[in-house]
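Here the structure comes first, spelled out in structure tokens, and everything after it is commentary.
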Amino acid sequence: PKIESVGDKENGKSSTGLNDEMCTFCEMAVVWMRNQIKRNETEDNIINYVNELCDRIPSPMGESAVECKSLSSLPTIAFTIGGKTFELTPEQYVLKISEGDVAQCISGFTAMDVPPPLGPLWYLPTAPF
Numbered sequence: 001p002k003i004e005s006v007g008d009k010e011n012g013k014s015s016t017g018l019n020d021e022m023c024t025f026c027e028m029a030v031v032w033m034r035n036q037i038k039r040n041e042t043e044d045n046i047i048n049y050v051n052e053l054c055d056r057i058p059s060p061m062g063e064s065a066v067e068c069k070s071l072s073s074l075p076t077i078a079f080t081i082g083g084k085t086f087e088l089t090p091e092q093y094v095l096k097i098s099e100g101d102v103a104q105c106i107s108g109f110t111a112m113d114v115p116p117p118l119g120p121l122w123y124l125p126t127a128p129f
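Residue numbers (the UniProt record's numbering): 1 to 129.
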């Protein structure tokens, strides 16, 4: 949720978060950031810490974060579908989202918790190749 919606919840309005756990985490993060600002901590230090923290928290949508600086060490992945082999380089199966100097990389593969005999299943990336 946006910081505004977390702030609204603190003021007695409801939040529209993905789930209660994520909303609780967001609320705690906003309170922590406000306290750091009151203690005159620098904005860069606050943002760097929150970014590190967010990199370690599982995504509610099931995506996996990847360190952008490690793209060159990730393998090329090959799939055989209908007898034809498709190869994907890390640049093709990892989505890199940049805003200014900050970048976040997300794996295009998503595991689906489907029990055997049908699972486990993997969702293949839909990014253009």
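Built from N, CA and C at the ideal position, the CB exists for glycine as well.
Asked: CB-CB under 6 Å to L118, same chain, minus the five flanking residues each way: which ones, in chain order?; Found: none
Asked: Mapping DSSP to helix, strand and coil, what is S5?; Found: Only weak support exists for where S5 lies, its pLDDT of 48 falling under 50; the coordinates are left without a value.
Asked: Alpha helix (DSSP H) containing E91: first to last residue?; Found: P90 to Y93
Asked: Since L121 sits in a beta bridge, which residues does DSSP pair it with?; Found: M112
Asked: Could you tell me the alpha carbon to alpha carbon distance between A78 and F109, rounded to whole angstroms?; Found: 13 Å
Asked: For a quick check, are the C-beta atoms of V94 and L71 less than 9 Å apart?; Found: yes
Asked: Go ahead and pull the three-state DSSP assignment for T80.; Found: strand
Asked: Taking only the alpha-carbon atoms, compute the straight-line gap between I97 and Q104 and give it to the nearest angstrom.; Found: 5 Å
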